[in-house]
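Single-structure report; data block below.
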Amino acid sequence: MDATATAVLSAFSVVLGQQEGDRRLAEQNLTALEVLETYPVILANMIADEQVAVAMRQLAGVTLKRYVLSHWSRSDSSNFAPPETTEEVS
Numbered sequence: 001m002d003a004t005a006t007a008v009l010s011a012f013s014v015v016l017g018q019q020e021g022d023r024r025l026a027e028q029n030l031t032a033l034e035v036l037e038t039y040p041v042i043l044a045n046m047i048a049d050e051q052v053a054v055a056m057r058q059l060a061g062v063t064l065k066r067y068v069l070s071h072w073s074r075s076d077s078s079n080f081a082p083p084e085t086t087e088e089v090s
């Protein structure tokens, strides 16, 4: 698992209350990570990884769904927020 995936898992752990830390800071970290091109791939890999806790996998699924609704295509969504998903990811 790379550093970005580890950062996402760590932030998810704080958000879910499984680890000591400031929830708002963890949410800000996730927002900062959201602009990375690899972010949706990391979320998809977490969903598929059976070694990741079920709660984390579920949160990754919900987060990926929200990401897709917001970033998939500038022309398809009134809720679009940059960055637009690249061809490599889609």
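Okay, so the sequence shown: first residue is 1 according to UniProt numbering, each after it adds one. Note that the Cβ used here is the ideal one computed from N, Cα and C, for glycine as well. What you are looking at is a predicted structure, and each value in this text was computed from that prediction instead of being measured.
Have a look at residue i and residue j and give me their C-alpha separation to the nearest angstrom.
i	j	result
R66	T31	12 Å
V26	A11	In the sequence as displayed, the identity of residue 26 is Ala instead of Val. If you take the alpha carbons of A26 and A11, they lie about 5 Å apart.
N45	A5	9 Å
L43	V52	11 Å
E20	A55	17 Å
In terms of residue numbering, what span does the alpha helix (DSSP H) encompassing residue i cover?
i	result
E27	R23 to L33
Q58	V54 to H71
Which residues in the same chain have their Cβ closer than 8 Å to the Cβ of residue i, if we skip the five residues on either side of it in sequence?
i	result
D49	R57
Y39	T4, V8, L33 and Y67
Nearest by alpha-carbon distance to residue i: which of the options is it?
i	options	result
N29	H71, S70 and V8	V8
D2	V41, A60 and S70	V41
V15	Y39, V68, T63 and S70	T63
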